[in-house]
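Visitor: Quick note, the sequences are listed as chains A and B, same order. Every position in the first sequence, counted from 1, becomes a number in our numbering once 1 is added. Counting from 1, position 153 in the second sequence corresponds to residue 136 in our numbering; the numbering is continuous, with no gaps. Cβ coordinates follow ideal geometry from the N, Cα and C atoms, glycine included. Predicted model, so just to flag it, every value in this text is computed and none were measured.
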Amino acid sequence: MQSLRIGLLLGFRQIQRASFWTTSLIIFVMMLTFLNLIAVSGVLVGLIEGAERAVRESALGDVIVTAKDEEDRILETETFVRELGAYPEIKTYSIRYKGNGLLEANYKERRDLSGERDSAAVIVNGVDPVREDSMTNLSELLVEGEYLNPNEEGYILIGIYYIKEYAEQFGDIFDTVSNVHPGDTVRLTVGDISKEFIVKGIIESKVDEVNLATYIPEREFRRVFNRLDRNADQIVIRTNEPSQNLVVAEAMRDSGLDGFAKIQTFEESLPKFLIDIKYTFNLLGTLIGSIGIVVASITIFIIIFINALSRRRHIGILKGIGIERKAIEIAYVIQAAFYALSGSLLGALLTYGFLVPYFEKNPIQFPFSDGILSADPESTFYKFVVLFIITLIAGFIPAWLIAKQNTLNSILGRK
Amino acid sequence: MNIIEAKNIHREFGKDDLITHVLKGIDISIAEGEFVAIMGKSGAGKSTLMYQLSALDVPTEGEIIVDGQSIVPFNEKERTAFRLNTLGYVFQDYALVPDLSARENVMMPLLMKGMSWEAAKIKSDSSLDEVGLKDKYYNLPGELSGGEQQRVAVARALAGQPKIIFADEPTANLDSVSGQQIIDLLTCLHKQNGQTIVMVTHEEEYAKPCDRIFYMEDGLITDIKNRTQ
């Protein structure tokens, strides 16, 4: 206890009397180390989280309802949808009918009937345009043309991956139609049924699921696909708060709705490989950040070592007048703790006060996502604890090395 | 009654063929309450002797009993505790902690003894008052003159009311006036408190107030002079 008191006094006084600029520089280094530890993995994980967020916002929502594994569609869809009204946490939802068809363009201008048709196999979504827009803001993703009007029929929205001019930047991987713009007529064929549609708009998103889709009103979908049972393929639900999705999903399952369909939260629906990538990126970021920790711990070691070495005589005298070695070691550990705490505190302030909100507003533009800075407070705390402990050790070792030297040799400056 | 009793003290430095024999079998006894000086030329071994008696160093051979305890077998921790509880030191060049104020420097050993912060502060202030530094409690060592710093060192040595005070050439870095002031201060405090003081000095003048003077030469005590002589 006495050693702790004296250690604290000595440590704080050394910090207090140290050069302002030297102290600031050390704290700055610690702050950079902290940022390195948080930001590198934060950006890497943020890439995936940004992509996840985009999928959540533009495609899947907070709760996803799909057909049970042994069924083709959601059973009793109308009953199911009526039940959704009982959940006040649900903000909006969209019912989707999905099917595959063949989209053909430029067939009217086609002269050589033996030549290849300008067609692409497409995924067709039958939606209520108003509900879908309230769910995914689809109307804001238009790069050409206009959004579907709920009162009109015979119009289609096409994702950019089906349009050659947009998709060719990715090489030849997508099945496309060429030279299609709003106002052009295309033909959708499903089995024996064909129907002409006027292209209303072209949509582009960071989410592949949207780029690789076409949208038509649900009534027309049911006619074209001969779906008279009104059982949908997917219902995507948005809750008032994203975090409410588990409560809603569990309540729906408890009420027996899972007898009609498979009910999953967004998180439950994530494929395992995505979770693995996130974990790997986090690990990778932490490993890169660890290099920073090593550099910082060496910096602290050198600073404390030089500091203790230059005060070797005073350390000897303190021991000479009866001050325990422990107290002297504590004094230097206090200094290291001060540097680690101050640097981390500044780093945390900068991270949560500036960087996270900044990247939230100005995401890093990646082709597949809007990269944010992911800084989960819990993992930040653990990283801080690791940084703190390593810094303490880096402060303790040089103090221990100097303080354990022979008292008289220290006083007399002998080796 | 002797508070320090040392027999056949040898101290060697170095290894193999390069051994330097600094103390060559010293016997010395110092009575409780005595003010003694150890004098001699440079290299005579006076400081080395003081380090052995004050538990700062371990003799190569011999036995030392201080305040009834044989200190030679002590380990590092026991020596530190012994120095804290029984001894006080005044070093040649003040040896104050530069980051601590005069008051805090004096408080150090008191806090280590387990005294509360408040009690240590009061005790420290009264010790500084005793050495004439009433208005210098908050000054850092760098803001004090050499004489004042040595007074703080004396106050630190006295504050814990140790049984023995060791002073290693306390006037060496001071001008003659400041040096004399320190000697007067030690003499006065010795009279007031009756503590045993062992002082190493090489100036006869400063040894005048001492009860006994031990003269050393080449690692041996060659003469002992009583004040009365």
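#1: Got a sec? Which residues, its chain only, sit under 8 angstroms from B/V135 by beta carbon, not counting five neighbours each side?
#2: How should A/T23 be labelled, buried or exposed, when 16 other C-beta atoms within 10 angstroms of its C-beta is the threshold for buried?
#3: Can you list the residues of chain A that B/G97 reaches, using a CB-CB cut of under 9 angstroms?
#4: From what residue to what residue does the beta strand (DSSP E) around A/E105 run?
#5: Any C-beta of chain B sitting closer than 8 angstroms to the C-beta of A/R18?
#6: Apart from the five residues on each side of it in sequence, which residues of its chain come closer than 8 angstroms, Cβ to Cβ, to B/T170?
#7: Let me confirm a value: A/E110 is counted as buried when at least 16 other C-beta atoms fall within 10 Å, else exposed. Which label applies?
#8: A/S343 lies in the alpha helix (DSSP H); which residues open and close that run?
#9: When burial is assigned at 16 or more other CB atoms within 10 Å of the CB, is B/K(-2) buried or exposed?
#10: Can you tell which of A/N138, A/I390, A/L229 has the C-alpha that lies nearest to the C-alpha of A/E58?
#11: For A/G321, which residues of its own chain have a beta-carbon under 7 angstroms away from its beta-carbon, when the five flanking residues on both sides are left out?
#12: For the ligand COA, any of its heavy atoms closer than 7 angstroms to the Cβ of A/G323?
#13: Short of 9 angstroms Cβ to Cβ, which residues in the region 80 to 96 of chain B face chain A?
#14: Hey, is the region 289 to 302 of chain A in contact with the region 18 to 37 of chain A, meaning 3+ C-beta pairs nearer than 8 angstroms?
#15: Determine the closest residue to B/E59 out of A/K327, A/P130, A/I27, A/S20, with distance taken between C-alpha atoms.
#16: Pull up the CB-CB distance for A/L38 and A/L275, whole angstroms please, since I reckon it's below 8 angstroms.
#17: Just how far apart, CA to CA, sit A/E147 and A/K201?
#18: Of all Cβ atoms in chain B, is any one closer than 8 angstroms to the Cβ of A/T408?
#19: Determine the chain B residues that contact A/K418 at a beta-carbon separation under 9 angstroms, and present them in chain order.
#20: Hey, is the region 186 to 203 of chain B in contact with the region 4 to 20 of chain B, meaning 3+ C-beta pairs nearer than 8 angstroms?
#21: List the endpoints of the continuous alpha helix (DSSP H) containing B/E131.
#22: Three-state secondary structure (DSSP) at A/L76?
#23: So what does DSSP say about A/Q170, is it helix, strand or coil?
#24: How far does the beta strand (DSSP E) with B/N(-9) in it reach, from first residue to last?
#25: Classify B/P92 as buried or exposed, calling it buried when 16 or more other Cβ atoms lie within 10 Å of its own Cβ.
#26: Using CA coordinates, which residue listed in A/G354, A/Y216, A/V178, A/L288 is at the minimum distance from A/A121?
#27: Starting from A/E325, find everything on chain B with Cβ-Cβ shorter than 9 angstroms and list it in chain order.
#28: Is the beta carbon of A/E105 closer than 8 angstroms to that of A/R231?
#29: Just to confirm, is the Cβ distance from B/M95 to A/I324 under 8 angstroms?
#30: Mapping the DSSP letters down to three states, classify A/Q366 as helix, strand or coil.
#31: Could one say the Cβ of B/A138 lies closer than 8 angstroms to chain A's Cβ atoms, at least one of them?
#32: Please list the residues of the region 84 to 111 of chain A that have a C-beta atom closer than 8 angstroms to any C-beta atom in chain B, keeping them in chain order.
#33: Among A/L45, A/I27, A/A19, A/I16, whose alpha-carbon lies nearest the alpha-carbon of A/N283?
#34: Going along the chain, which residues of its own chain have a beta-carbon closer than 7 angstroms to the beta-carbon of A/V211, five neighbours each way excluded?
#35: How should A/S256 be labelled, buried or exposed, when 16 other C-beta atoms within 10 angstroms of its C-beta is the threshold for buried?
#36: At 8 angstroms on the CB atoms, spell out the chain B contacts of A/R6, in chain order.
Guide: If we stick to the structure as given:
#1: Y77, L79, A85, N88, V89, L111, V114, L116, K119, P124, L127
#2: exposed
#3: M2, Q3
#4: 91 to 106
#5: yes
#6: The beta carbon of B/T170 is closer than 8 angstroms to those of F18, P192 in its chain, skipping five residues each way along the sequence.
#7: exposed
#8: Residues 326 to 351.
#9: exposed
#10: It is A/N138 whose Cα lies nearest to the Cα of A/E58.
#11: T408, I412
#12: Of ligands this structure carries none, so the ligand COA is not represented either.
#13: V80, P81, D82, L83, S84, E87, M90, M91, P92, L94, M95, K96
#14: yes
#15: Ranked by Cα distance from B/E59, the first of A/K327, A/P130, A/I27, A/S20 is A/K327.
#16: A/L38 to A/L275, Cβ: 24 angstroms. No contact.
#17: 6 angstroms
#18: yes
#19: Missing from the structure shown is residue 418 of chain A; chain A here goes from 2 to 416 and no further.
#20: The region 186 to 203 of chain B vs the region 4 to 20 of chain B: in contact.
#21: 129 to 142
#22: coil
#23: Shown here, A/Q170 sits in a helix according to DSSP, grouped into three states.
#24: Bounds of the beta strand (DSSP E) holding B/N(-9) are -15 to -4.
#25: When all chains shown are included, B/P92 counts as buried.
#26: A/V178
#27: K60, T63, A64, L67, M95
#28: no
#29: yes
#30: strand
#31: no
#32: Residues: none.
#33: A/L45
#34: S59, A60, L142, G160, I204
#35: exposed
#36: From the beta-carbon of A/R6, the residues of chain B found nearer than 8 angstroms are L94, W100.
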